[in-house]
Every structure is written in structure tokens, then in C-alpha cells.
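Read in order, the letters of the sequence shown are residues 47 to 306 in our numbering.
Where a beta carbon is used, it is the ideal one built from N, C-alpha and C, also for glycine.
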Amino acid sequence: MLTKDLAICIRAVDYSETSQIVTFFTKANGKISAIAKGSKRPKSAFDGPIEIFSHGRIVFTDSDREKLATLTEFESASGTGDFTGIGGDLFVLNCCYFAAELLNKMTHDYDPHPELFESFLLFLQNATEKENKNRILALLILFQLSLLKEVGLQPVLDCCANCKKSGRVELAPPSFNPAGPNVPEIYFSSTANGIICRDCEVSFPDKIRLSQPAANCLSNLKQIAQAKEKTLNEIEAVLIHHFTELLGHKPKMAKHILKA
Ligand SMILES: [Zn+2]
Numbered sequence: 047m048l049t050k051d052l053a054i055c056i057r058a059v060d061y062s063e064t065s066q067i068v069t070f071f072t073k074a075n076g077k078i079s080a081i082a083k084g085s086k087r088p089k090s091a092f093d094g095p096i097e098i099f100s101h102g103r104i105v106f107t108d109s110d111r112e113k114l115a116t117l118t119e120f121e122s123a124s125g126t127g128d129f130t131g132i133g134g135d136l137f138v139l140n141c142c143y144f145a146a147e148l149l150n151k152m153t154h155d156y157d158p159h160p161e162l163f164e165s166f167l168l169f170l171q172n173a174t175e176k177e178n179k180n181r182i183l184a185l186l187i188l189f190q191l192s193l194l195k196e197v198g199l200q201p202v203l204d205c206c207a208n209c210k211k212s213g214r215v216e217l218a219p220p221s222f223n224p225a226g227p228n229v230p231e232i233y234f235s236s237t238a239n240g241i242i243c244r245d246c247e248v249s250f251p252d253k254i255r256l257s258q259p260a261a262n263c264l265s266n267l268k269q270i271a272q273a274k275e276k277t278l279n280e281i282e283a284v285l286i287h288h289f290t291e292l293l294g295h296k297p298k299m300a301k302h303i304l305k306a
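In C-alpha cells:
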């Protein structure tokens, strides 16, 4: 049976002199892996080798989902299809690779997430607009949170994940003075899957204490757009820790995100 879909390439490896095995995140079918026979031949049905982050319309056979699908057509979307801007900036490229790695590892084959497809496409489009590093990090953080939400692991960020006490206001009052006497203690715990208050933190040995700006951003995601680089780096470090706990290993690309 031939299946048509919209797809973004999230992994491409050489299979032979002339063929590749490609992993696509598709809109209607979720993640699929397919063999692209002859894709490396100068005159192939795919206009040359298929590159990571290329996107467009694909046709594939998936008669037996236990085996690799066979890609029969790939028509790259013109204009926005090649994300040529990614290659020019190593940090942007690494963020895109990191997002693709998380998407690959956190989703299952043939498990459709059309909204996640759209948010990944939007992330790639926005990331290639060569905006500043803060903006890219903010986009990456928001993409990671939407990924967690889509796969059913949305962290609790608007109250204590354990006792449900304290709304956003009490967790992070807008009038809060970081130099004042009553510094609210707010933590993130992977085990609790969210924010943890001072009363509960003792039960969660894996907790990480958050700075006030980081806690504010997490409880009100609109603040991420205006956050300082230091705060964004702190939140990204918490998310990398969280994905490491969820996956059982550190994502391969993680070391390229926070080193600079
Ligand atoms: Zn609590």
C-alpha cells in the first residue's frame, strides 16, 4: 500500500554506495524509517541524497510495519524546504540536531502527533531566521516543553507538582525582591515531573533549586521571550537533566548546547 504524507527528515544514514536509510517525522503517521533506494545516485527519484531537516511530500510503502518502509517519492518543499540558513550557524545547527534527536527518541514509530509535526517545522523555520542566541534558546526551550506535552509527559509548572499548593503568585510573586529576606525556595524534580515547593523538596532527592528568574519563566512561559541568557541556560540545563532522566542517558547533542 502506498502512503502519502508530509514529512521532515530527522535522520539520514548511508546504507550502501547508492542508498540511504532515512527517518522521517511525518504529519499523519508519526515517525517512520524507510530505505531510499538509489537516493545517492546522481539521477535518482529523490533529486539527490536526502538531507537531515529537508521536508516535503513523501510517498512510501508500509505494508509490513515491522520492517523498514520503502520510500518511493520525496518532493522537497520549495522555498522553505531546505532550511539553508541552518548550515551557516553552528549553534543553530546544533540546536536543530538536538531537537531532532529528542523528537526521534521520545516518539514511537507510527504514533501520529500532527501538532508536534507543526511545532517542529515552526521551530526549524524560526531557528533559521538567524536571530540571536537568546531567541534560539527560547525557541528550543518552548519546543522541548511542547514535545513533553505531546508525548503525555507535560511537567507541572504552575503549582507544586507534589502538594499542588501555591499557584503561580505564591511560587513567584511579581513584587519579589531577590535581595529580600524571604527568598522563596522553588525546585524542579524529574521524579515529581515538575516544580516542587519548599515543604515538599525534602521528599525529592533529585531536585534542582531554581533561581527566581528561572522559576518565574517556567511558571509563566511568556516571560521566556524576555529572559536573560543566564536564565535561559539555567532552564535548558534543567531540561537536559530532565530528558537524561526520562531517556536513561544523556542526549548526544546536549554537550553542544550549553558549552558556549
Ligand atoms: Zn509542595
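### Any non-hydrogen atom of ligand 1 closer than 7 Å to Asn180 Cβ
Counting from one through the sequence shown, the residue named residue 180 turns up at place 134. No, the beta carbon of Asn180 sits no closer than 7 Å to any heavy atom of ligand 1.
### CB-CB length for Lys195 against Phe137, believed under 8 Å
If you number the sequence shown from 1, residue 195 lands on position 149. If you number the sequence shown from 1, residue 137 lands on position 91. Between Lys195 and Phe137 a beta carbon distance of about 25 Å is seen, past the 8 Å cut, so the two are scored as non-contacting.
### Task
With DSSP collapsed to three states, give me the class of Lys50.
Sequence index remark: in the sequence shown, residue 50 carries index 4 (1-based). In the structure shown, Lys50 falls within a strand segment according to DSSP collapsed to helix, strand and coil.
#### Entry: Distance between Asn75 and Pro160 (C-alpha atoms, nearest Å)
By one-based count along the sequence shown, residue 160 stands at place 114. By one-based count along the sequence shown, residue 75 stands at place 29. In this model, Pro160 and Asn75 are separated by some 8 Å (Cα to Cα).
### Query
How would you label Tyr156, buried or exposed, when you count the other beta carbons within 10 angstroms and need 16 or more for buried?
Walking along the sequence shown from the start, residue 156 turns up at place 110. Answer is exposed; the Cβ neighbour count stays below 16.
### Message
Using 8 Å as the cut-off, can you tell me whether the region 109 to 116 makes contact with the region 86 to 98, which would need three or more C-beta pairs spanning the two stretches below that distance?
### Response
The region 109 to 116 vs the region 86 to 98: no contact.
### Task
Express the C-alpha separation of Leu293 and Met152 in angstroms, rounding to a whole number.
Counting from one through the sequence shown, the residue named residue 152 turns up at place 106. Counting from one through the sequence shown, the residue named residue 293 turns up at place 247. Near 8 Å, if we compare the C-alpha coordinates of Leu293 and Met152.
### Message
Let me make sure I understand the geometry here. Which of Lys253, Ala273 and Met47 has the alpha-carbon closest to that of Thr107?
### Response
Taking the first residue of the sequence shown as position 1, residue 107 is located at position 61. Distances from the alpha-carbon of Thr107 to those of Lys253, Ala273 and Met47 put Met47 closest.
### Message
I'd like to confirm something about Asp252: is its beta-carbon nearer than 7 Å to some heavy atom of ligand 1, or not?
### Response
Here residue 252 is taken as the residue at index 206 of the sequence shown, counted from 1. No.
### Query
Can you list, in chain order, the residues of its chain whose CB lies under 7 Å from that of Glu216, leaving out five sequence neighbours each side?
Within the sequence shown, the letter at position 170 stands for residue 216. Below a pLDDT of 50, predicted positions are generally treated as unreliable, and Glu216, at 49, falls in that range; the measurement from the model is reported next regardless. So no residue of the chain qualifies.
### Message
So for Thr174, helix, strand or coil by DSSP?
### Response
Locating residue 174 in the sequence shown gives position 128, counting from the first residue. Residue state, collapsed to three classes: coil.
#### Entry: Residue from Gln272, Gln269 and Ser235 whose Cα sits closest to the Cα of Ile286
The residue you call residue 286 lines up with position 240 of the sequence shown. Selected option, being the one with the closest Cα: Ser235.
### Task
For the beta strand (DSSP E) holding Arg103, just list the boundary residues, first then last.
For the purposes of this step, residue 103 is taken as residue 57 along the sequence shown, with counting starting at 1. Start and end: His101 to Thr107.
### Task
Can you tell me which of Phe169, His288, Cys206 and Leu52 puts its alpha carbon nearest to the alpha carbon of Phe120?
Taking the first residue of the sequence shown as 1, we reach residue 120 at position 74. Closest option to Phe120, Cα to Cα, is Leu52.
### Message
Does the beta-carbon of Ile242, which I'm using as the reference point, lie nearer than 7 Å to any heavy atom of ligand 1?
### Response
For the purposes of this step, residue 242 is identified with residue 196 of the sequence shown, where counting begins at 1. Yes; taking the cut-off as 7 Å, the Cβ of Ile242 has a heavy atom of ligand 1 nearer than that.
### Query
Among Glu282, Leu170 and Thr64, which residue has its Cα nearest to the Cα of Leu191?
Indexing the sequence shown from 1 puts residue 191 at position 145. For Leu191, the closest C-alpha among the options Glu282, Leu170 and Thr64 is that of Glu282.
### Task
Please list, in chain order, all residues of the same chain as Phe163 whose beta carbon is under 8 Å from its beta carbon, the five residues on each side excluded.
One-based indexing of the sequence shown puts residue 163 at position 117. Close CB contacts of Phe163 within its chain, under the 8 Å cut and outside five residues either way in sequence, are with Leu52, Ile54, Phe71, Thr72 and Lys73 (chain order).
### Query
Which one or two residues does DSSP pair with Lys77 in a beta bridge?
One-based indexing of the sequence shown puts residue 77 at position 31. Answer is Phe71 and Asp155, bridged to Lys77.
### Query
Count the other CB atoms within 10 Å of the CB of Lys77; is the residue buried (16 or more) or exposed (fewer)?
The residue labelled residue 77 in the question sits at position 31 within the sequence shown. Buried, since its Cβ has 16 or more Cβ neighbours within 10 Å.
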